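K.L.:
In our numbering, the protein residues as written are 1 to 112.
Note that beta-carbon positions come from the ideal geometry of N, C-alpha and C, so glycine has one too.
No experiment lies behind these values; they were computed from the predicted model shown.
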């Protein structure tokens, strides 16, 4: 899969999540999460992240992929709950590309 295809899928999912903001919680799981605000979205993201970690350590690749998809979806929902555009996150990742992870982390810690 190309980088463009990955970006298109993330953008399409983010757009679907944005559209669900105008749905009802009865009709949309996404809306029921968003109605709970950032805290509910963050808690659900955390639950999904734990399930992903457990899958990575002890399950088949198909389960890892399914849990990773859940993590990405719930991450986008949490970003939406905070009105953070996924494109801004992608720009931040792009900015970090080509920089050593150790150097990037040290620079963030020095700025804190």
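If contact is defined by three or more beta carbon pairs under 8 Å, each pair taking one atom from either stretch, is the region 51-60 in contact with the region 81-100?
P.N.:
no
K.L.:
If I follow the unbroken alpha helix (DSSP H) through residue 86, where does it start and stop?
P.N.:
Taken as a continuous stretch (DSSP letters only), the alpha helix (DSSP H) holding residue 86 covers 86-96.
K.L.:
Grab me the residues of residue 11's own chain with a C-beta within less than 8 Å of its C-beta, minus the 5 sequence neighbours each way, in chain order.
P.N.:
86 and 87
K.L.:
Report the three-state DSSP secondary structure of residue 60 (helix, strand or coil).
P.N.:
coil
K.L.:
Leaving out the 5 sequence neighbours to the left and right, which residues in its chain are closer than 6 Å to residue 74 when beta-carbon positions are compared?
P.N.:
Only residues of its own chain outside the window of five on either side were considered, and among them 44, 45 and 48 have a CB closer than 6 Å to the CB of residue 74, listed in chain order.
K.L.:
Would you kindly check if the distance between the Cβ of residue 51 and the Cβ of residue 26 is under 9 Å?
P.N.:
no
K.L.:
Candidates 93, 77 and 71: which alpha carbon is nearest residue 15's?
P.N.:
77
K.L.:
Can you find the residues in the same chain that come closer than 6 Å, C-beta to C-beta, to residue 38, ignoring five residues on each side of it along the sequence?
P.N.:
The residues are 81 and 82.
K.L.:
Assign residue 108 to one of two classes, buried (16 or more other C-beta atoms within 10 Å of its C-beta) or exposed (fewer than that).
P.N.:
exposed
K.L.:
Could you check if residue 33 is buried or exposed, using at least 16 other CB atoms within 10 Å of its CB as the buried criterion?
P.N.:
buried
K.L.:
Using the beta-carbon count (16 or more within 10 Å), is residue 71 buried or exposed?
P.N.:
buried
K.L.:
For residue 13, collect the residues of the same chain with a Cβ closer than 8 Å to its Cβ; drop the 5 residues on either side in sequence, then sort them by chain order.
P.N.:
72, 73 and 76
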